[in-house]
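For reference, the structure discussed in these notes is given below.
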Amino acid sequence: MNYVRKGDGVECIRGVAPPPIVAQYVEGTSGWHSWQEFSMSSKFRGKYLQIIPLGIAHLKFLASGNHYTWRKVSTTVHNMIVGKLWLDNHGEMEIVNHKTGDKCCLKFIPYSYFSREIPKKVTGYVVDSEGTFKWFITGTWDEKIEACRVTSQSMRAGKPVYETGPPKVLWKRNPIVPDSEKYYNFTKLACQLNEPEENVSPTDSRHRPDQRLMEEGMWDEANAEKLRLEEKQRATRRRREAEAEQAAAEGREYPPYCPTWFVKETDDVTGALIFRFTHEYWDCKEKQEWSRCPDIF
Numbered sequence: 001m002n003y004v005r006k007g008d009g010v011e012c013i014r015g016v017a018p019p020p021i022v023a024q025y026v027e028g029t030s031g032w033h034s035w036q037e038f039s040m041s042s043k044f045r046g047k048y049l050q051i052i053p054l055g056i057a058h059l060k061f062l063a064s065g066n067h068y069t070w071r072k073v074s075t076t077v078h079n080m081i082v083g084k085l086w087l088d089n090h091g092e093m094e095i096v097n098h099k100t101g102d103k104c105c106l107k108f109i110p111y112s113y114f115s116r117e118i119p120k121k122v123t124g125y126v127v128d129s130e131g132t133f134k135w136f137i138t139g140t141w142d143e144k145i146e147a148c149r150v151t152s153q154s155m156r157a158g159k160p161v162y163e164t165g166p167p168k169v170l171w172k173r174n175p176i177v178p179d180s181e182k183y184y185n186f187t188k189l190a191c192q193l194n195e196p197e198e199n200v201s202p203t204d205s206r207h208r209p210d211q212r213l214m215e216e217g218m219w220d221e222a223n224a225e226k227l228r229l230e231e232k233q234r235a236t237r238r239r240r241e242a243e244a245e246q247a248a249a250e251g252r253e254y255p256p257y258c259p260t261w262f263v264k265e266t267d268d269v270t271g272a273l274i275f276r277f278t279h280e281y282w283d284c285k286e287k288q289e290w291s292r293c294p295d296i297f
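Those letters in the sequence shown? Residues 1 to 297, by UniProt numbering.
Given below as structure tokens:
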């Protein structure tokens with residue numbers, strides 16, 4: 001999927017590689033690049049489903065060279081069997097600036113019936129490369145996050161005491177879209193993501209016919225298209241399995257799935273395997289040359 005919003009200063013390309021891994025690359029017109037790959041593992045415990053994100057997110061500011069990485073925290077979906085579904089984000093997140101060595105450590109406090117903490121609370125701090133505390137952070141992950149700069153430090157009864165300045169709002173949630181509860185509580189951005197756009201690749205997810213029919217309220221037609229697409233995927237998988245068996249019988253190596261716009265390699269910063277965007281998509285989009293795209297719809 002290619003998402004372009006010049007008014008917001010963002011252009012994004014997202015791809016999917018088997019096994020299901022989402023690779024994403026974003027360019028901001030104000031001078032930043034962001035990229036990540038995302039997959040997950042899950043644990044079903046009857047009453048709840050726990051989702052553990054895998055993969056590392058990157059954000060780099062071109063002017064300063066500051067390069068940040070972090071991993072997402074876990075999400076738990078409660079009341080899977082009975083009751084109203086609700087989500088909780090919990091765990092610890094470490095955001096590292098690989099240029100300066102600064103670190104931000106955040107704790108997403110899990111909900112507890114017996115806790116006196118406010119729900120969805122986030123606490124944390126920022127330290128420099130020498131471990132000196134610079135900021136303290138607090139807030140909730142669904143409303144806003146604030147930070148207070150450390151202005152002085154002293155010792156009292158053998159324990160460090162920090163004086164801080166006034167709080168500064170780092171992030172605040174945008175107003176909720178009217179009647180959002182009727183639309184799965186989607187944000188305005190989420191509601192716009194499936195809007196058709198010209199000149200994108202034929203594999204763009206907005207071309208998926210069953211999804212488009214469902215959005216237009218044509219439920220029977222959408223279900224028929226969904227069944228057709230699923231059978232098409234199964235047929236493709238059977239064909240590849242047969243070709244792989246034939247190649248093995250002949251002593252040949254059968255090429256695995258390969259993403260069209262990303263290549264798998266080792267990340268220089270983290271040492272992890274990542275899917276790097278090749279930037280070839282932009283050239284193909286400009287020329288409207290999509291011969292390398294597979295027939296998936």
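The beta carbon of each residue, even a glycine, is placed where N, CA and C say it ideally should be.
Note that the coordinates shown come from a computational prediction; the quantities given were computed from them, not determined experimentally.
- Per the coordinates, the alpha-carbon of K47 lies some 10 Å from the alpha-carbon of T76.
- Counting the other CB atoms within 10 Å of its CB gives N199 a total below 16, which places it among the exposed residues.
- The straight-line gap separating the alpha-carbon atoms of N66 and L170 is approximately 18 Å.
- Here the C-alpha atom of G251 lies approximately 41 Å from the C-alpha atom of A224.
- Scanning Y68, S112, Y111 for the CA closest to the CA of K99 turns up Y68.
- In the DSSP assignment, Y3 is bridged to C12.
- P209 and E216 have their C-alpha atoms some 11 Å from each other.
- Looking at the backbone, the Cα of R239 and that of Q246 are separated by about 11 Å.
- For the pair L85 and H78, the Cα-to-Cα distance works out to about 6 Å.
- Per DSSP, the unbroken beta strand (DSSP E) holding E27 starts and ends at 21-28.
- DSSP places S39 in the strand class (E or B) of the three-state scheme.
- Where D220 is concerned, the enclosing alpha helix (DSSP H) starts and stops at 219-249.
- Put simply, of A63, L59, R156, Q36 the residue whose alpha carbon is nearest the alpha carbon of P53 is Q36.
- Where D88 is concerned, the enclosing beta strand (DSSP E) starts and stops at 86-97.
- For R237, the closest C-alpha among the options W219, D220, P256, K226 is that of P256.
- Per DSSP, C105 is one residue of the beta strand (DSSP E) stretching across 103-108.
- Between the stretch 54-61 and the stretch 26-43, the count of C-beta pairs closer than 8 Å reaches three or more; the two stretches touch.
- Between P294 and P110, the alpha-carbon positions lie close to 43 Å from each other.
- If you draw a straight line from the Cα of A248 to the Cα of T187, it comes to about 49 Å.
- K264 and G158 have their C-alpha atoms roughly 51 Å apart.
- Counting the other Cβ atoms within 10 Å of the Cβ of K72 gives 16 or more, which makes it buried.
- With contacts defined by Cβ atoms closer than 8 Å, K120 and T140 form a contacting pair.
- With fewer than 16 neighbouring CB atoms inside 10 Å of its own CB, L87 falls in the exposed class.
- Considering only N194, W70, G101, the residue with the shortest C-alpha distance to V4 is N194.
- Remark: C-beta atoms of V122 and L106 approach each other more closely than 8 Å.
- In the displayed model, L189 falls within a helix according to three-state DSSP.
- Between W261 and I13, the C-beta spacing is below 8 Å.
- In this structure, the beta-carbon distance from R156 to K134 does not fall below 8 Å.
- Within the model, the alpha-carbon separation for W70 versus E92 is close to 10 Å.
- Taking D102 as reference, the option from W290, T270, D283, D128 with the minimal CA-CA separation is D128.
- For the pair P202 and A23, the CB atoms are not nearer than the 8 Å cut-off.
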